[in-house]
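Engineer: Below: one structure in structure tokens.
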Amino acid sequence: MTTLKLYFLEIVTICIPAVIIFLCFKPYRMKALAAMKLTSSRQREIALILFVISIFGILSLTLWPTYVWEDSSGMWGHLRILIGRPTWHSGLSLVPFAVFKDYLEDLLKSPVFFIVTLVNFLGNLAMFIPIGLFPALLFRNATWKRSAIIGLGMSLFIEIAQYFIMRNTAVDDIILNTAGAVCGYLIYRLIQNHFPRFAAGFLCQEQ
Numbered sequence: 210m211t212t213l214k215l216y217f218l219e220i221v222t223i224c225i226p227a228v229i230i231f232l233c234f235k236p237y238r239m240k241a242l243a244a245m246k247l248t249s250s251r252q253r254e255i256a257l258i259l260f261v262i263s264i265f266g267i268l269s270l271t272l273w274p275t276y277v278w279e280d281s282s283g284m285w286g287h288l289r290i291l292i293g294r295p296t297w298h299s300g301l302s303l304v305p306f307a308v309f310k311d312y313l314e315d316l317l318k319s320p321v322f323f324i325v326t327l328v329n330f331l332g333n334l335a336m337f338i339p340i341g342l343f344p345a346l347l348f349r350n351a352t353w354k355r356s357a358i359i360g361l362g363m364s365l366f367i368e369i370a371q372y373f374i375m376r377n378t379a380v381d382d383i384i385l386n387t388a389g390a391v392c393g394y395l396i397y398r399l400i401q402n403h404f405p406r407f408a409a410g411f412l413c414q415e416q
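When you read off a place in the sequence shown, starting at 1, and then add 209, the result is the number in this note's numbering.
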């Protein structure tokens, strides 16, 4: 429960300024759309603000230095993308899902690690679903490859940055984040196939 409260605090702290900035720039964006003789529906505006919130939420959860919220020792984070067998002491591995293998090994000692693994796994997937969903809804010519590239690029940037702010860097997260973005695109395809008129409402329309 303490961890969930901490996550909530991080998200709220960064998302409130994100919404304020979004609303401040809205008049300029509306003016630019009018100049191009385009309109943006309320449905699209809601999706845009949710997209902005999701981006800032991801950044708050992944790039917020740990020492801001809790005590953290050492100058750098744990790097888990080099060669070697994964251990909690070295934190070095090029093997995909090495972090989860460590958790599963410890599962024999305590079932608590199963919950930690499940939350970590599902969290890394779900966190990047908006990264694949909203761009596909809001912009034309979406493909699963584009969603995968966006997810991969954003995740790679985050994982590299995490090493310098006392956070763990893991190839596992990159794989799961990219898969989450692709899942977001698949959700978009379901919406487009079954509710085409609803999906069309997220695109800019000519005046």
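Even for Gly, the Cβ is constructed at its ideal location relative to N, Cα and C.
The structure presented is a predicted model; accordingly, all values stated were derived computationally and were not measured.
Less than 9 Å between the beta carbons of L342 and I396, yes or no?
Structural biologist: yes
Engineer: Report the partner residues of Q401 according to the DSSP bridge assignment.
Structural biologist: None; Q401 has no bridge partner.
Engineer: Please report the Cβ distance between I267 and M336, rounded to the nearest whole angstrom; I am assuming they are in contact, meaning their Cβ atoms lie under 8 Å.
Structural biologist: 6 Å
Engineer: According to the Cβ coordinates, are F407 and R253 closer than 9 Å?
Structural biologist: no
Engineer: If we call anything under 9 Å between Cβ atoms a contact, is A382 one with I367?
Structural biologist: Reading the sequence as shown, one finds Asp at residue 382 and not Ala. The answer is yes: Cβ separation under 9 Å.
Engineer: Taking the straight line between their C-alpha atoms, what separation do you get for F234 and G332?
Structural biologist: If you take the alpha carbons of F234 and G332, they lie about 31 Å apart.
Engineer: Just to confirm the assignment, what range does the alpha helix (DSSP H) spanning F366 have?
Structural biologist: 353-372
Engineer: Please state the DSSP three-state secondary structure of L207.
Structural biologist: In this structure the chain extends from 210 to 416, so residue 207 is not present and cannot be described.
Engineer: Work out the CA separation of E415 and V277 for me, nearest whole Å.
Structural biologist: Low local confidence applies: a pLDDT of 48 at V277 is under 50, so the model's placement there is unreliable, and no value is given.
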